[in-house]
Structures are given as C-alpha cells and as structure tokens.
Amino acid sequence: EAGVAQSPRYKIIEKRQSVAFWCNPISGHATLYWYQQILGQGPKLLIQFQNNGVVDDSQLPKDRFSAERLKGVDSTLKIQPAKLEDSAVYLCASSVHPVGTEAFFGQGTRLTVV
Amino acid sequence: TQLLEQSPQFLSIQEGENLTVYCNSSSVFSSLQWYRQEPGEGPVLLVTVVTGGEVKKLKRLTFQFGDARKDSSLHITAAQTGDTGLYLCAGSTGGGNKLTFGTGTQLKVEL
Numbered sequence: 034e035a036g037v038a039q040s041p042r043y044k045i046i047e048k049r050q051s052v053a054f055w056c057n058p059i060s061g062h063a064t065l066y067w068y069q070q071i072l073g074q075g076p077k078l079l080i081q082f083q084n085n086g087v088v089d090d091s092q093l094p095k096d097r098f099s100a101e102r103l104k105g106v107d108s109t110l111k112i113q114p115a116k117l118e119d120s121a122v123y124l125c126a127s128s129v130h131p132v133g134t135e136a137f138f139g140q141g142t143r144l145t146v147v
Numbered sequence: 078t079q080l081l082e083q084s085p086q087f088l089s090i091q092e093g094e095n096l097t098v099y100c101n102s103s104s105v106f107s108s109l110q111w112y113r114q115e116p117g118e119g120p121v122l123l124v125t126v127v128t129g130g131e132v133k134k135l136k137r138l139t140f141q142f143g144d145a146r147k148d149s150s151l152h153i154t155a156a157q158t159g160d161t162g163l164y165l166c167a168g169s170t171g172g173g174n175k176l177t178f179g180t181g182t183q184l185k186v187e188l
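Chains as they are written, first to last, in our numbering: chain D, 34 to 147; chain A, 78 to 188.
So this is what it looks like as structure tokens:
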C-alpha cells in the first residue's frame, strides 16, 4: 500500500515570498491533516479535512495560510507571504476515520524562510 | 485548545536502563495514541488506548491510559539504542474532533 506522498521535501524561500506544499493521502482515507512541526517539538494541527470539508482550522493563520482539498483527495497548503517564523516541517497525514484510528504521515516538507 | 504536556522534554540514558514518559492533560480524551518519530520522517503509530485504566504491552514498551482518560504513560524496559527518537502522545475526542499532539519527549539512548 502506498503511503502518504508529500512534495517538495525541502524548500528555501525568502521572506514575503509565497510557497505551496502538496499532499496525496492514502487511497480511501477520508480524513486529511496538515501539521506544522518546529524541530524537537510536537506537531501543531493547522487544518483537518473530512473528505473535502474543513473539520477544524482554528490554529491556521488565515491571514497568510490557506489550504484546500479538491474532490476530497489531494490537498495543497499555501503560505503567502511567508515570515521567518514559518520555518518548520509541514507534515501531512491521513486516516480512515478522524477518531481513534491510526494517522499515517508523509515525510514532510522542510521549509526554510530566509 | 486541548493541551497535552509531556515530561520530561529531554531524556538521555544508557542502554539497559528503564524510563517512563508522561503525557498529561486537563481534557478527557476518547482515545490516546503514542507515536515515535525519527529524524527526517513522519511520526509512526506505536499504540492506541481507548479505555480508562487500560494497559497495553508492545515488547519492552508498556503503555497505560489513566482511569479518567486525561493522562497516559509510556514505560520502556531495558532501553536500546534503537529506541532513540521523539516520542509523541496524541489525543482525540469524539465527534470527529481534531487529533492533538503532545509537546514531545526527545529520547537518546547511548551505549
């Protein structure tokens, strides 16, 4: 079974530029998550989708971050404009159901804003 | 916001020692999971506990869910260098609510 695919693996941009990350979840997984992880810390949930609807985006900085999940499959996360403090690993995960089932993670995209 | 505090934040031990990692919250969770993450990779699930007081064993790892379903612990017996990694607890609540991760415990096991 193919895992969660994310691209790119690494991205370096200057502050105030824009960037987009892509995620392809495991086939059949209804729930998709985007997390932001600072090195050595636990992942912070940015947005959770159930199919193509948003379940929770309470911690998404909506003035600069946006995400969509078209047709309930692939998802993109965009940052515009980027700030220095956005430097982090952005993890995408998917699960069959949102509660109590295993979340499968991609390898993440490491973003460096300079 | 549901906060999951893990302790200790960092742990460096010798191979063969035992250790316990704690995960505490003021919120009640319908289920709690433990993940391990290695550098450059996403977290990988170790176990899910759903019943208050539940104890699960996975080889040298023992997981316990608190009676009130607000806290959990992970105990490793006779740690090995391969246990090195970032250990994360994650709680979820009913009704399709979000999966919230703890603050993380960075474990380093040395020879």
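Just so it is clear, CB atoms sit at the ideal spot from N, CA and C, and this is done for glycine as well.
These figures come from a predicted structure and were not determined experimentally.
Is A/L81 close to chain D, meaning its C-beta is less than 9 Å from at least one C-beta of that chain? yes
Could you tell me which chain D residues have their CB closer than 8 Å to the CB of A/P85, listed as they occur along the chain? In chain order: nothing, as chain D lies at least about 13 Å away.
Would you identify the three-state DSSP class for D/L93, choosing helix, strand or coil? coil
With DSSP collapsed to three states, give me the class of D/D119. helix
Report, in whole angstroms, the separation of the C-beta atoms of D/Q140 and A/G119, which I expect to be a contact under 8 Å. 6 Å
Would you say D/F137 faces chain A, with C-beta separation under 9 Å as the test? yes
Using the three-state DSSP reduction, which class does A/L81 fall into: helix, strand or coil? coil
Within its chain, find whatever has a CB closer than 8 Å to the CB of A/Q53; leave out the 5 residues flanking it on each side and keep chain order. Limits of chain A in this structure are 78 at one end and 188 at the other, which puts residue 53 of chain A out of reach.
Between which residues of its own chain and A/D144 is the CB-CB distance below 8 Å, once the five residues before and five after are set aside? G129 and G130
Nearest-angstrom Cα separation, counted from D/S60 out to A/T158: 35 Å
Under 7 Å between beta-carbons, which chain D residues line up against A/T180? List them in chain order, please. Q74 and G75
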